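Have a look at the structure below, then the notes.
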Amino acid sequence: MSNFVFPRPAGEFPVQARETVAGTCAECGAAALARHPVLSEGGWHLVVKCQACLATREREPWRRLGHVTLMTDVLLR
Amino acid sequence: MMAVDVGGTFTDVVSVSGGVIRTAKVSTRAGDVDAGVIEGAAELGLAGVSVFNHASTHGLNAIITRALPKVGFLTTLGHRDMLDAGRCWRPAAALTDPSWRRSFGDAARPLVRRYLRRGIRERVKSDGSVFTPLDEAHARAELRVLAQCGVQGVAICLLNAYINGAHERRLRELVCEELGAIPCSLSSEISPLAKEYARASTTVVDAFMKIIYGDYARRLDAGLRAEGFSGQLNFADCTANLIPADDAMEAPFRVVFAGPAAGTMGSAHFGRLIDEPNLLCADVGGTSCDISVVIAGQPFVNTTFELEHDLVVNALSNDISSIGAGGGSLVAISPSGDITVGPGSAGAVPGPACYGRGGTKPTMTDICLLAGLLDPDGFAGGKMKLDPALARRAFEALDTPLSFEHRVRYAWDIGLNNIAEGIFNIAIKHGIDLRDYSLMAFGAAGPLLLPALADLIHVKCVIVPPHPGLFSALGLLSADQAYSMSRSAYTILSPAAAPGIARIYADMEARLRRRLGERADIGIVRSFDGQLMGQTWETPFVPVPAGELTGASIETMIANFHAAYAARNGNRFEAIPVQGVTYRLSAVLRTEKVTYAALPERSGSPLEPIGTSVLRFLGDTEETARIYSRDDLRAGDVIAGPAIIREGLSTTYMTRNQTGRVVRHGAIVIRRTRQGVPA
C-alpha cells in the first residue's frame, strides 16, 4: 500500500556531512575521527566518533530537534 | 577438607580434619584476592587436605563496579543493541519516572560499550534452518576492528543459535584466526536456552569470568600447591554445589554468585541434622543481609538470577535476596530529619567509627558497642580493640535534635526493622507462614541482631548454629558435586513429541556421562521447564519419569506440570495444552561433608556466666545481661535472657523475653519465653 502512496525516492539519498577531526582514536589507533550529529537516547548529540571502530571520543548535547532549527534555539543563543 | 568464602570485606577459611573444625578470617585484598586466600589456607595448614572448595564474589564485584576487561560482542546484524534494551522491564518504582535508566544500558554503565558490539550478517530461523548464510568476509572485517581495539575476549550470541550453533562455532574459528587464542564464549555451548537477551547476557558474563577467573584459578591452584596442597580444587556454583576447577573454568558464569548460596546449603545440611526442614536463612555480614529459604530440606532454586535489575544470568541459583543491612550499616540523618540505617556501609575501611581506622560515621556495630553487647577488648577473636569513645563521638556528631539516647535507640530499632521487612518480603514472595519456619542466624552479625527480631517476625524459633561467623564457609563443606545440563526446544507436549524429546535427553545424557566418566554410582535426574500455550514464562523443574520416553511418559509429564503449576500458583488449567521449553538433566555425586560433633551433656557443676554487662539504649530501661562463653555450653543447657554468649568470631544476644536451649549438635535454639515458663 505504502509503495503506491509514497514511492521510493528517485533522487540522491541524503548524506550526513562529517567534519574531519585531527587526531587518532584512543581505542583502535586509526586517524579517522569525525564530528557529526547523532540521535540517541537522551536526544540529539554532536559527537566526535572514530569512523573505523565507532568509538566515541566526545559527546555534547545538540539542538533539541536536531536539523530542525527552532525559533527559540535562535533567540536563546 | 578445607573451604574458603571470599567476601567483599573478609575472607573466611575453615578446615575440618578428624572431626575438628578450625577457622581463620583474613581481610580480603582487593586486586590480590588469591594471596589472601592462600594466606588464610596456609594459616590452617594444607598438608593432607583432600579437597579445597572455593566460593568468591570478586567476579560479581567486578561486574557491579564495572572494573572489567575489554570484551567484544558479536550478534546477528541489526540486533547488537539487545544488551542495551534488556527485557525492557522497569522496576515498579521507575514505572512513572522518565529519568530512570537501566544500570547496564548505554546511557549508564554498559558492560560492553556500543562500539565493541558488532552485528554479523547471518540469520538462522527458529527451526534451525539457515536463512542468511554466514558472511565470513563481513565477519572478518568486524573482527579486525575488535582486534585493533585490543579486546581481551569475545562473547558470541546469534539469534536462534540454541537450535543451530553452526554459525557461532565457525565464528569462534574466525576469532582464533583474527585475534588469536583469546577467551571466546558461545551462547550455543554455555547456555543453549531460548530468549536471546538472557542468553546474550549470560554469554557476556561468561566471557568476563573466563578472563577474570582464568588467571585467578591458575594462580590459586599454584599457590595452594606450593603450600603443600595435593587434593582436588573445586569451585562452588550459584547453588553452592561443587564443580571441579577445570570443569568450572569451561563455563565460569556458573560460579559468579557462589558465596551467598553456601550459607543456604550449610543451613539445609545442618537443618537435616537437627530435624528442622523448613528454614529462613539470614546471613548478616558487614554490609548486607542475605535471606534465603529452605523448604522441606531443600534450598529454593531459581533457573536464572539477576546481578542487577534486568541484568540476567541463566544459572541455577539459590533464591537469595540481599538487603543493605549489616553490622557496618551507616546511621545517618535524612534531609527530612529522619534517622536512616543503611543501605550504605562503612565496609572494612574505614569501618565503623569504633574501629579507630578513621571512620567518623556511626554504624550498627557502634550501637552494639555502646549498648554493652560487644566486648571492646575481645572483638574478632581478640585481634581488634574497639573504642567506645569514638562510637559516642560519631553519634554525637549527627545533625539532629534527638537526645543521644534516642539516637542510639531509634537507630537500633530501625536497623532491626529493615531486616524484618526484608524477611517479610521473602515470606510473602514464597507464600510461607513465618510461624512454621525457624530462622537460622549466622554471619558475623547474625546472632547479634537476629534473635531480637523474633518478636517482630514471629518465627517458630531462632537457631544459632555452631561457628556462626564462618557458617557460609562451612556450607561449602556441606554440598555435593553436581553437574547439570539444559537445552531449549519449544515442543507442544503430546505422545507424538516423545521421540524428539527423547533424543534431546539422550544427547545431553551422553555428553554428561562423557564428562563424568564411567561411574555406576551416578544418578541422573530429568526435569523440564514448561508453560501453558500462550504463556511466555515457564514453570521450572517439573519431574520427568525415568526410563524410556513414550507416549505414556508424556502424559505423565503433562500431569506433573499441572500439579507443579497448581502448587506454585494455586490453580490449574488442564484444558490448555502444555508446551515444553527447556529440558534439564542433573547428576549428583555424593561427597564427604562436614559433621557436627555431638556436644556432651552437662555433668557436675551448673553452667555459670563469665560476667555481666549493663545493657543500655535497647529498651526503656537499663538491664543487666549475663555473659556466657560458648565454649562452656553443653547439650541441654538452658539460658534465660537477657544474655550474651561470646565466641571467637561472633556474639549472640538474647532479649529478656527469650530462652535459649543448647541442642545435641551445638546449636542454640532461642524461643520466646511464655509467661513464667521457659521454652
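From first to last, the protein sequence lines stand for chains A and B.
Just so you know, we're using our numbering here: the first sequence kicks off at 1378 and counts up by one.
Just so you know, we're using our numbering here: the second sequence kicks off at 259 and counts up by one.
Even glycine gets a Cβ: it sits at the ideal position worked out from N, Cα and C.
Keep in mind the model is a prediction, meaning the values are calculated, not measured.
8 angstroms contact criterion, which residue i and residue j should meet: CB distance rounded
| i | j | result |
| --- | --- | --- |
| R617/B | P608/B | One point to set straight first is that residue 617/B is Gly, not Arg, in the sequence displayed. Correct: roughly 4 angstroms between the Cβ atoms. |
| M259/B | V307/B | 6 angstroms |
| Q410/B | A1407/A | 20 angstroms between Cβ atoms; not a contact. |
| A901/B | A699/B | So it is not a contact: roughly 15 angstroms between Cβ atoms. |
| N499/B | A740/B | 3 angstroms |
| L628/B | F875/B | 6 angstroms |
| A1432/A | Y373/B | 4 angstroms |
| L588/B | K619/B | 5 angstroms |
| I759/B | Y841/B | 7 angstroms |
| G585/B | A439/B | Not confirmed; about 45 angstroms, so no contact. |
Buried versus exposed call for residue i [16 or more other C-beta atoms within 10 Å across all chains shown]
| i | result |
| --- | --- |
| M507/B | buried |
| F662/B | exposed |
| Q789/B | buried |
| M1378/A | With a pLDDT of 49 at M1378/A, under the threshold of 50, the modelled position of that residue is not reliable, and the figure given next carries that caveat. The residue is exposed, with fewer than 16 neighbouring Cβ atoms inside 10 Å. |
| L786/B | With the sequence shown as reference, residue 786/B is identified as Phe, and Leu is not the correct amino acid for it. With 16 or more other Cβ atoms within 10 Å, it is buried. |
| L873/B | buried |
| K1426/A | buried |
| S730/B | buried |
| F1390/A | exposed |
| G934/B | Unreliable positioning characterises G934/B in this predicted model, as indicated by a pLDDT of 45, which lies under 50. The coordinate reading is nonetheless provided below. Answer is exposed; the Cβ neighbour count stays below 16. |
| H664/B | exposed |
| P936/B | Caution is warranted here: a pLDDT of 46 is assigned to P936/B, below 50, making its placement in the model unreliable, and no coordinate value can be reported. |
| D548/B | buried |
| H716/B | exposed |
| C346/B | exposed |
| A465/B | buried |
| M523/B | buried |
| N827/B | exposed |
Coarse secondary structure for residue i, derived from DSSP in three states
| i | result |
| --- | --- |
| G934/B | Only weak support exists for where G934/B lies, its pLDDT of 45 falling under 50; the value from the coordinates is given anyway. In this structure, G934/B counts as coil in the three-state DSSP scheme. |
| A573/B | coil |
| T1397/A | strand |
| V433/B | helix |
| V370/B | coil |
| R929/B | strand |
| H716/B | coil |
| P601/B | strand |
| F268/B | strand |
| P1386/A | coil |
| D505/B | helix |
| E1435/A | strand |
| N536/B | coil |
| N675/B | helix |
| I684/B | helix |
| M912/B | strand |
| T797/B | strand |
| C1427/A | strand |
| P1414/A | strand |
| A261/B | strand |
| E806/B | coil |
| L1447/A | coil |
| T618/B | coil |
| M938/B | Since the first residue of chain B shown is 259 and the last is 937, residue 938/B is not available in this structure. |
| F515/B | coil |
| N319/B | helix |
| M766/B | helix |
Cβ-heavy atom distance, residue i to the ligand SAH, below 7 angstroms
| i | result |
| --- | --- |
| R324/B | What this structure holds is no ligand at all, so the ligand SAH is not there to describe. |
**OP:** Kindly confirm or deny that the segment 500-520 of chain B and the segment 332-348 of chain B touch, where touching means at least three C-beta pairs closer than 8 angstroms.
**Re:** No, the segment 500-520 of chain B does not touch the segment 332-348 of chain B.
Subject >> Three or more C-beta pairs below 8 angstroms linking the segment 910-920 of chain B and the segment 700-718 of chain B >> reply: With a cut-off of 8 angstroms, the segment 700-718 of chain B and the segment 910-920 of chain B count as touching, because enough Cβ pairs lie within range.
Original post:
Can you list the alpha helix (DSSP H) stretches of 4 or more residues lying completely in the segment 622-669 of chain B, in chain order?
Top reply: As for any alpha helix (DSSP H) of minimum length 4 sitting wholly inside the segment 622-669 of chain B, the runs are 622-629 and 646-654, ordered along the chain.
Subject >> Contact the segment 564-572 of chain B vs the segment 456-466 of chain B: 3+ CB pairs below 8 angstroms >> reply: With contact defined as three or more Cβ pairs closer than 8 angstroms, the segment 564-572 of chain B and the segment 456-466 of chain B are in contact.
**OP:** Please go through the segment 701-762 of chain B and give each complete alpha helix (DSSP H) segment of 4 or more residues, from N-terminal end onward.
**Re:** Listed in chain order, they are 704-707, 712-715 and 729-733.
**OP:** Could you say if the segment 411-430 of chain B and the segment 443-455 of chain B meet the contact criterion of at least three C-beta pairs nearer than 8 angstroms?
**Re:** Yes, the segment 411-430 of chain B is in contact with the segment 443-455 of chain B.
**OP:** Kindly confirm or deny that the segment 633-652 of chain B and the segment 674-684 of chain B touch, where touching means at least three C-beta pairs closer than 8 angstroms.
**Re:** The segment 633-652 of chain B and the segment 674-684 of chain B do not touch, with fewer than 3 CB-CB distances between them shorter than 8 angstroms.
Subject >> Contact the segment 684-697 of chain B vs the segment 653-673 of chain B: 3+ CB pairs below 8 angstroms >> reply: Per the Cβ contact rule, the segment 684-697 of chain B is not in contact with the segment 653-673 of chain B (fewer than 3 Cβ pairs under 8 angstroms).
Original post:
Counting pairs of beta carbons, one from the segment 396-404 of chain B and one from the segment 420-438 of chain B, are three or more of them closer than 8 angstroms?
Top reply: Counting Cβ pairs under 8 angstroms, three or more are found: they touch.
**OP:** List in chain order: all unbroken beta strand (DSSP E) runs of 3+ residues lying wholly within the segment 827-898 of chain B.
**Re:** As far as the segment 827-898 of chain B is concerned, its whole beta strand (DSSP E) runs of at least 3 residues are 836-847, 869-873, 881-887 and 896-898.
Original post:
Within the chosen definition, does the segment 727-746 of chain B reach the segment 288-296 of chain B through at least 3 CB pairs nearer than 8 angstroms?
Top reply: By the C-beta criterion, the segment 727-746 of chain B is judged not to be in contact with the segment 288-296 of chain B, since fewer than 3 inter-stretch pairs fall below 8 angstroms.
Original post:
On the three-pair Cβ rule with 8 angstroms, is the segment 314-321 of chain B touching the segment 338-356 of chain B?
Top reply: No: the two stretches stay apart, fewer than three of their Cβ pairs being nearer than 8 angstroms.
Original post:
At what residue ranges does the segment 433-495 of chain B contain a whole run of the alpha helix (DSSP H), taking only runs of 4 or more?
Top reply: If we require 4 residues or more, the alpha helix (DSSP H) runs fully inside the segment 433-495 of chain B come out as 445-448 and 454-484.
**OP:** For the segment 321-363 of chain B, list the alpha helix (DSSP H) runs that are entirely contained and at least 4 residues long, ordered along the chain.
**Re:** DSSP runs (the alpha helix (DSSP H)) wholly in the segment 321-363 of chain B: 340-343.
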